[in-house]
Amino acid sequence: SVSVSEIELQNVKINCMVTSRFAHTVMTSMALNKANVSQEVFFDVELPKTAFITNFSMEINGNTYVGVVKEKEKAKKQYEAAVSSGKTAGLVKASGRKMEKFSVSVNIAANSNITFTLTFEELLQRRLGKYELMIRVKPKQLVQNFEIVADVFEPQGITFLNAHGTFITNELLPLVEKTVTDKRAHVSFSPTLDQQRKCPDCDGTLIDGDFFINYDVNREDMFGNIQIVNGYFVHFFAPADFPKLPKNVVFVIDRSGSMSGTKMHQTHEGLKTILNELHEEDHFGFVTFSGDVKAWKPSLTTATKENLKNAEAFVETITASGLTNINDAVLFAVKMLKDAMNKKTVPENSASMIILLTDGNPNEGESNIQSIQNNVKNAIGGEMTLFCLGFGYDVSYTFLDVMAKQNNGLARRIYEGSDAVVQLQGFYDEIANVLLSDVNFQYPENSVNSLTGSKFKQLFNGSEIVVAGRLNDNMMNDLPFEVTAQSVEKDLVFVGNATAQDWKTIFPDQEYIFGDFTEHLWAYLTIQNLLDKIEKGSPEEKIKATEDALELSLKYNFVTPLTSMVVTKPETEENPEDTFIADKLTEDQRRHVPQAAGVTLQRTYTSSVTNWVDSD
Amino acid sequence: PHFIIEFADQNDALCFNINDKPGTIFNLIKDPLIGIIVNGQTIGDKKIDPENTMNTYFGSFGIVHAKFGIRLVVTTQDILVSEKGKQSKLFWSDNISIKGSNMDLHVAKDRSLTVTLRNSVKFVIVLHKVWKKHPYHQDFLGFYTLDSHLFSQRVHGLLGQFFHGITFEVSDMFKGKDPDKPDATMFVKGHNLTVTRGWQKDFRKDLKKGENVPCWFVHKNGTGLIDGEIEDYIVSGLF
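Sequence lines, in order, name chains A and B. Add 50 to the 1-based position in the first sequence for this note's numbering, that's all there is to it. Add 7 to the 1-based position in the second sequence for this note's numbering, that's all there is to it.
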């Protein structure tokens, strides 16, 4: 959004290009200061937390000011003086559940215009059978030319595509244009000034909310789809039609004092809904904890109708009071699952998991976070998966996130609100249906390098595994592969040979979609993997992962937690030099940064030379 | 194409780009005394990347040593050698070394061609292979002078004019458009030029990534640094 009085918002264009799930979004806003005095113009954009900013520029009266991505520490040092004098501010702020806010303001002269352009990239994740591209639009005033345009290119073919928005009224609905033809889709939404108005005579705008594009692709090949482009490959794996693995799940529920009231009520409701979705072949158990640890039953129970009914009654009896002993509770759950596996009271090919729900920090028993992580990791020993749900804002989310990742799972924050039950259920739906376990991807060692994560504990129904890598020879057009996994009935082995496709044939009338997207996708995934490693790896691994992630972030111009984007604003009388910083926020920190100093240099050379001419 | 003039002793370099229409042939080296000419013809991209402007690269080189009766045509496909009327063709897919009385050639498979002309010059032509299915880019060549001290004082050309060194002075570094690349004033050949600190790549050792060579970039096709204008270096044929 761009706002301020006597500022006319002339143009807002959001252009998304999605190629093989990799989304490249460019947001452009053009505003005119119609006042006779200079005014400050604000440019606020909310972008997905999973996206990396790759570019930002401001064009003022023909001069362009471009953001430069730098190593965070280097930028910080360079601009230390300005930070201490309070001249700079963070450009990116956390904004709700899924989004973060990029925000910049600049003073522009009377009767001048300004164009802001922000570019970011993200890999769309498949959840519950669909990819979702989300665009948040809040222009705050009517826009002369407003346009959302999205082009989706999927070589596998698009099975369905829906476009909708939280702000789309019945009047605006016909303006959402959608064309889907086999491998590509085009979506546009471009209301006129009058169509944006809340009412015929008012200036309020209807355009305020989220615009979604959901779609899925064909999955004809069991082994997935491999795309080879210019020395890089990406393997998308999401085979359909596998029976679900029976699961053995222990719910570890925090009943410490801080859970009392709404949170506990929502936990009851959430658990009851989840219980209804267990199948008869599943096994389950409950461990509850505050300062002490209690189990509903000492061992796992089959999910018969009667047992589920009893479990529901038990859930109702959980009440909150006391301290928080996460360590002993999780270890207890691990023991329950291990006992069941050892005694073979659960099926051999089944998925074992622990779902921990807590709202606080450990303060009873073992309270050292690292010791708990070590204890849990050692106890689990890769035999089961740990999922963590952090309830509310006080929770030590990073602790849960690392602990989950160390045990092949993932963490999710549950936001306090009326929909907390829906959030709990949504998370459970995502992880509850395991189709395959121990999914491993192999490619010939002498053909590939720099592979992203290739071993996965499980494949969830409706999700997708993505592996990418570099080919040793960028002339290569073929790649043999092998995928092994365990399904409910047998061990599976998919063996095949992928061949590079000709993009000109797949998308004949399209200029090559956007440059080297496979390479960018690989870089994006590799950085995400490395950031995970920084969190959960050994000290040596952390150092190496930090170096590698930083190198890639700088090379690809990604604003990641290791880099900052430095934006130099035009000079004004009040601010002879003004610089702002865009950071990628981590869960735990926000960074503020820097401002520069000049250097002079004088050198004279007279010398013999070697010289060359080349092109890269 | 990028041009880089390296001052090894000072660990510094000058660089500039020459942009013109694809197909243009530039004279890179011309030494009338020892009879050597090196010309290069540019090629463009297969099509223009929507996010970038048209780039040009060298797609072929013509090299003549008049006194030895040697002519070489190096393209991204092959290498044509002609010596006193005898012709032979080498391929980039070969790994081959040829020692002659006046010229040694060494082809490193799919990488480079090293040419040593007796008592005059040694240079390397690097082959940059691009993925065949790449929608924009195509194979191109790089030319590196390895030994130029035997050229006469009359040597000229886009590269040749720098073989016996130049005098330049860099002063008054100031903040440029890009905060990472400061500008400065360079006094060279009687001109005061605004130059930008940047880097270019030397691909001799690492063909894929290249090695960064920090350099002072002279804008506008090297105007002020090169003698005359780029039109002065355009020739009608490879020989």
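All C-beta atoms in this analysis are idealised placements derived from N, C-alpha and C, irrespective of residue type, glycine included.
Kindly indicate if chain B contains any beta-carbon less than 8 Å away from that of A:Val118. yes
Notebook entry, point to check: So, helix, strand or coil for A:Asp232, using DSSP?
Noted result: coil
* **is_contact[A:Thr138, chain B] using C-beta, thresh 8 Å** => The pLDDT assigned to A:Thr138 is 43, lower than 50, so where the model puts this residue is not dependable, and the model offers no usable value.
Which one of A:Ser603, A:Met184, A:Lys634, A:Asn490 has the shortest CA to CA distance from A:Val533?
A:Asn490
Quick check on the burial criterion: 16 or more other C-beta atoms within 10 angstroms. Buried or exposed for A:Glu227?
exposed
query: Name the DSSP bridge partner or partners of A:His285?
result: A:Ile276, A:Val517
Original post:
Which runs of the beta strand (DSSP E), 3 residues or longer, sit entirely within the stretch 27-57 of chain B?
Top reply: 32-38, 43-50
**Request:** Please classify A:Ser487: is it buried, with 16 or more other beta-carbons within 10 angstroms of its beta-carbon, or exposed?
**Result:** buried
Interface residues of chain B around A:Asn280 at Cβ under 7 Å?
Trp138, His141
| query | Leaving out the 5 sequence neighbours to the left and right, which residues in its chain are closer than 6 Å to A:Gly117 when beta-carbon positions are compared? | reply | Phe106, Met615, Val617
Where does A:Pro589 fall in DSSP's three states? helix
task = Would you tell me roughly how many angstroms separate the C-alpha atoms of B:Asn199 and B:Gly30, rounded to the nearest one?
result = 32 Å
Only counting runs of 3 or more residues, tell me where the beta strand (DSSP E) segments fall wholly within the stretch 439-511 of chain A, in order along the chain.
461-464, 484-492, 505-510
Discussion item. When you compare the CB positions of A:Asp598 and A:Leu575, do they come within less than 8 Å of one another, or not?
Written reply: no
(Q) Excluding the 5 residues flanking A:Glu96 on each side, which residues of the same chain have their C-beta closer than 6 Å to its C-beta? (A) Ser145, Met149, Lys151, Arg186
Notebook entry, point to check: Which residues bound the alpha helix (DSSP H) around A:Val380?
Noted result: 376-392
- Item | Option in B:Leu214, B:Tyr240, B:Lys216, B:Val195 with minimal Cα separation from B:Leu21 | B:Val195
| said: To the nearest angstrom, how far is the alpha carbon of A:Asp633 from that of A:Glu123? | reply: 11 Å
Original post:
When the Cβ atoms of the stretch 162-170 of chain A are set against those of the stretch 215-224 of chain A, are three or more pairs found closer than 8 Å?
Top reply: no
Bridge partner(s) assigned by DSSP for B:Thr64: The amino acid occupying residue 64 of chain B in the given sequence is Tyr; Thr does not appear at that position. Looking at the DSSP assignment, B:Tyr64 forms a beta bridge with B:Ile50.
* **Residue span of the beta strand (DSSP E) that contains A:Val187, given as start and end** => 180-187
- Query: Does the Cβ of A:Thr243 have 16 or more other Cβ atoms within 10 Å, making it buried, or fewer, making it exposed?
  - Reply: The sequence shown places Leu at residue 243 of chain A, not Thr. Label assigned to A:Leu243: exposed.
*asked:* If the cut-off is 8 Å on Cβ atoms, which residues from the stretch 182-195 of chain B count as contacting chain A, listed in chain order?
replied: Lys182, Lys184, Asp185, Pro186, Asp187, Pro189, Ala191
Q) Grouping DSSP H, G and I as helix and E and B as strand, with all else coil, what is B:His9? A) strand
* Would you grab the beta carbon distance between A:Asn457 and A:Thr435 for me? Rounded to a whole angstrom, and I think it's under 8 Å. => 6 Å
Item to complete: Establish whether the CB of A:Lys554 and some CB of chain B are separated by less than 8 Å.
Response: yes
*chain B beta carbons: is any one of them nearer than 8 Å to that of A:Asn524?*
yes
From B:Asn102, B:Asp111, B:Gln207, residue whose alpha carbon lies closest to that of B:Phe23
B:Gln207
I'd like the ranges of any beta strand (DSSP E) spanning at least 3 consecutive residues and lying wholly in the stretch 103-163 of chain B. 103-106, 110-115, 119-124, 128-135, 147-154
For the alpha helix (DSSP H) that A:His329 lies in, which residues bound it at each end? Here A:His329 belongs to no alpha helix (DSSP H), and DSSP marks it neither H nor E.
- Item | Neighbour-count burial assignment, A:Phe441, 16 or more Cβ in a 10 Å radius | buried
Can you find a CB in chain B that lies within less than 8 Å of the CB of A:Asp664?
-> Caution is warranted here: a pLDDT of 49 is assigned to A:Asp664, below 50, making its placement in the model unreliable, and the coordinate value is therefore given only provisionally. Taking Cβ atoms only, chain B reaches closer than 8 Å to A:Asp664, which makes this a yes.
_Chain-order list of residues whose beta-carbon lies under 6 Å from that of B:Asn46 (same chain, five-residue window excluded)_ = Ile32, Asn34, Gly69, Val242, Leu245
Using a Cβ-Cβ distance under 8 Å, would A:Ala383 count as near chain B?
no
### Message
Taking 8 Å as the threshold (beta carbon to beta carbon), is A:Thr448 in contact with chain B?
### Response
no
A:Ser340 and A:Ser371 - do their beta-carbons sit closer together than 8 Å? yes
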